[in-house]
Structures are given as structure tokens and as C-alpha cells.
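In the working numbering, the protein residues as written are 415 to 750.
Glycine included, every Cβ here is placed at the ideal spot set by N, Cα and C.
Okay, structure first, notes after.
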Amino acid sequence: MSKGEQTARAAGSGSETAPRIPSDTPRKATRQAYGETLRELVQEGFDLVAVDADLSASTTTAKFGEAYPERFFNVGIAEQNMVGVASGLSLTGKTAFTGSFAIFGTGRAYDQIRNTACYSNLNVVIAPTHAGISVGADGGSHQMLEDIALMRVLPRMRVLVPADYLSAKAALRIAAETGGPFYVRLGRAPVAQIYERTDGFAVGRARVLREGSDVSLIACGTEVEQALAAADLLAESGVSAEVIDAFCLKPLDEETLRRSIAKTGAAVSCEEHSVIGGLGAALATLLAEHPGILKKPLRRVGVQDSFGVSGQIDELFAKYGLDARYIHDCVVECLS
415 MSKGEQTARA AGSGSETAPR IPSDTPRKAT RQAYGETLRE LVQEGFDLVA VDADLSASTT
475 TAKFGEAYPE RFFNVGIAEQ NMVGVASGLS LTGKTAFTGS FAIFGTGRAY DQIRNTACYS
535 NLNVVIAPTH AGISVGADGG SHQMLEDIAL MRVLPRMRVL VPADYLSAKA ALRIAAETGG
595 PFYVRLGRAP VAQIYERTDG FAVGRARVLR EGSDVSLIAC GTEVEQALAA ADLLAESGVS
655 AEVIDAFCLK PLDEETLRRS IAKTGAAVSC EEHSVIGGLG AALATLLAEH PGILKKPLRR
715 VGVQDSFGVS GQIDELFAKY GLDARYIHDC VVECLS
């Protein structure tokens, strides 16, 4: 663990309540933070480069390339080569960020991520966009629902799943400041603003967004917005839900999660990812290692071992049980 990571984890112990943002605040996709944040980091003196696989307009690394063309490398439709080039550039002392769609940036280049970036503990950040089922109409071939599982299992890899634009900026900054391999999961669809500021995030830290006493809703990424909406629905029927943003899935903030579940006695995980190998699986492992704090059966909201299909985002979230109403119903069933 680097000195920067040790400092971040020490500063990130515990939890705090984040402010609620007005509902009329403009929605922004987490991918919009990518090119902008890299540009800001270079302006601040960070020695970094970006390597893309011919998708720079979609990933927004094109914005970075326009400002710093000497630091931007487009390798074409070749994700394996992208990670290899990024790894080589990192050996010159730079932090190398890679961009593609999550289906290609993790799945197609898995060997290179494992055996080059992680095995050699290089300063390579895998930060693809278009993760999850919210890719929408592109369909099951492009809806990556297994990437968190793939990245979590890799030694030395840290996994950050931001819930909104500002937390995405924070995640990218953390990766640049800390060093070593990182996975930062970014999405295509505009999402609600959850946070007012980019500070308060750290490796190994979750954030309590809403205090509650009856159930712990532990969410990541796009599902943080759905969990907050579900908490509002539950409040109408007298159920007090605590909502936690599991911003960092590896290493997991075990202290904050255990403390919350010990208080409520019930837990529901919420993720735009397969229930196999993601947040729900990480939470199940944690609870198995700390028996007795959970009084009700754990419920895992996520995609139930299937591929996605083409459709509008709202339709897909309803079809696969990812929306606020389904989370609400899971809590009611759990508590009953």
C-alpha cells in the first residue's frame, strides 16, 4: 500500500452525511468528468497521459487530447495494445489512464490488465465508460455487467464506482494521487447530482448519505440515486432507511458497513451489475465473516445472472429490478 493510500484510508475512516441536492439540478454523466479532470490534473502539475482505443469522443478523453495532444495516444480499435502502451508509458514515470467502453476495456484486455498492469503494480488507471445496463439501446453485447467482478478479484487493483459527476472527478483524482493500478467505473447515462463537492472521498471509504434505523441500503454507481429515491418511498410508510454510497468496492469500508448493519439489523445491496462478484457478493462475504450483526436475510438488488437487452434506461431498470420501486419492495419483503 502506498503512502498516499495509507493517508487516504486514515483520513477516510468513519462516515458523514452528505447533503441532499435539489431535484432540478442538471443531470450529468460520470463519463463527462473524465477528459475534464485529466486536463485539470495536468494543469496542476500531474505527469499523466491518456491512451484511448478509438472512442475518445464517447469517453471524453478527446477533450484532454485537444488541450494536451503530446500526452494523448489513440491506438485504434485495440484495447489489448491500449493497456500495453499505457503500461509502457507508466514505466517512464507517468500515470497512464486508459479509455474505452467497459465491455472492451476490461473484457478484451483482461490478460494485459492482470499480467502487465497489476502483476507489475504499475501506475495504470483503467477507467472505461459505458458500464452497466444504462448503455441502453446498444443492447446486451455492450452492456457490461461483469466488470466489477473481474476487477475486484485482481491483486493490487483498487475499484472505485462513483455515483455522480463530482464523485467521478474525485475518483480520477484519487487514482492520479495514489499510484498503482485502479479501476474507475464510468457510465454513459446522465445521473442526478448527489454531492456538492469533490472532497471527502478516499480509498477504502464509504459515505453515509442518509441516516436510518430500520434497514441499510448499500449502493454504488447509478444505484445510489435509486436507493435514495427508495428511502423516500419507504419513509412514506414509516420505514427508516440508511443509505450508504459504497464508493470504493475494493478495499471495502468494512467498518462503516458493519456499524450501519449492526444498528439496523437488515441490509439490501444495490448495484447496476451482476449480483455475482460485485457489491452484493462483497457484502455477503463481509457478513459471513462477521456473523450475528445481520438479523434479517440479506437481499441483493442487481442483475440476476443474465445478459442485458436493448431498451430505454427506465424500461431496463424496471425489467431487471434496479429501480427505486423494486428496492422499496425488497426492503418491505426483507423486513416482513
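Asked	Found
Contact check, residue 541 vs residue 598, beta carbons under 8 Å	yes
Where the beta strand (DSSP E) containing residue 752 begins and where it ends	Past the edges of the chain, shown from 415 to 750, lies residue 752, and the structure says nothing about it.
Ranges of the beta strand (DSSP E) found wholly within the segment 634 to 666, counting only runs of at least 3	655 to 659, 662 to 664
Cβ contact check for the segment 693 to 713 and the segment 723 to 734: 3 or more pairs under 8 Å	no
Coarse secondary structure for residue 688, derived from DSSP in three states	strand
Cutoff 7 Å; reference residue 532; Cβ partners in own chain excluding five residues on either side	568, 569, 570, 571, 595
According to DSSP, residues forming a beta bridge with residue 488	466
Cβ pair residue 554, residue 723 closer than 8 Å	yes
Where residue 575 falls: helix, strand or coil (DSSP)	coil
Supposed close pair residue 692, residue 703 - CB separation, criterion 8 Å	Not confirmed; about 18 Å, so no contact.
Terminal residues of the beta strand (DSSP E) in which residue 510 lies	509 to 513
Whole-Å CB distance - residue 630 paired with residue 675, under 8 Å assumed	5 Å
Residues bridged to residue 543 (per DSSP)	515
DSSP state of residue 609 mapped onto helix, strand, coil	coil
The beta strand (DSSP E) enclosing residue 621, as first and last residue numbers	621 to 624
The alpha helix (DSSP H) enclosing residue 498, as first and last residue numbers	493 to 504
Separation of residue 559 from residue 547, as counted between CA atoms	7 Å
Whole-angstrom distance between residue 698 and residue 689, CA atom to CA atom	10 Å
7 Å Cβ shell around residue 609 - same chain, five flanking residues per side excluded	432, 578, 580, 581
Residue 615: first and last residue of the uninterrupted alpha helix (DSSP H) it sits in	Note, residue 615: premise wrong, no alpha helix (DSSP H); not H, not E.
Option nearest residue 645 by Cα separation, candidates 661, 662, 622	622
Assigned exposure category for residue 452 - 16 Cβ within 10 Å defines buried	buried
C-alpha distance - residue 658 paired with residue 720, whole-angstrom precision	26 Å
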